[in-house]
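In the working numbering, the protein residues as written are 297 to 467.
Ideal Cβ placement from N, Cα and C applies to all residues, glycine included.
The block underneath contains the structure these notes are about, expressed in structure tokens.
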Ligand SMILES: NC(=O)c1ccc[n+]([C@@H]2O[C@H](COP(=O)([O-])OP(=O)(O)OC[C@H]3O[C@@H](n4cnc5c(N)ncnc54)[C@H](OP(=O)(O)O)[C@@H]3O)[C@@H](O)[C@H]2O)c1
């Protein structure tokens, strides 16, 4: 299965500010988010990210699979696509493959991207780099034991101030 991380970052690579205020995210980031979710039909996210998006802003609703990492697997899902799971990253990949998916996108947050990177399961990473610097906030990954060279696939200017950088991960 091909797994891609799609996330927005500040110019100094943070994925949220201290206040967790999303004002800095561009319309183009949001459009790309919906587009890649519709393309893959399989989206992986952590429960904190889900709690920010649910129910109105979830990228999948009545088709596909929205795998949400949580220890609270008895929570009521916001729609038919939601699957709450406390499985490991390899088990989540197996679950998605069992449902017929051939690709998936991880949309955050930091705990979730780190777990999949640590497990060596990520193939591509797409960063939407927004024109802002944060003195504090959440990084793309928590400290973890990995190091991967990248191949640059594409750089796209999305608007006057935002770029999208697409890498594949060399494994
Ligand atoms: N810039 C971007 O593109 C972007 C995108 C998405 C999110 N964000 C930001 O990222 C932040 C959230 O990131 P985060 O790292 O705090 O949280 P997260 O990854 O969204 O969710 C963390 C939660 O997921 C569950 N979880 C994580 N690993 C698990 C595992 N191995 N097994 C079972 N459950 C697991 C736990 O939920 P339970 O406590 O329920 O067990 C944990 O509290 C927010 O501030 C959001 O704004 C940024």
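Beta-bridge partners assigned by DSSP to residue 373: none are found. Burial is judged here by how many other beta carbons sit within 10 angstroms of a residue's own beta carbon; residue 451 has fewer than 16 and is exposed. Under the DSSP assignment, residue 448 falls in the beta strand (DSSP E) whose first and last residues are 446-453. Assignment of beta-bridge partners to residue 462 by DSSP yields 422, 450. Spanning the alpha carbons of residue 453 and residue 340 requires a straight line of approximately 26 Å.
Beta bridge pairing from DSSP links residue 341 with 364. With a threshold of 7 Å, the Cβ atom of residue 403 counts as near ligand 1, since some heavy atom of the ligand is closer than that.
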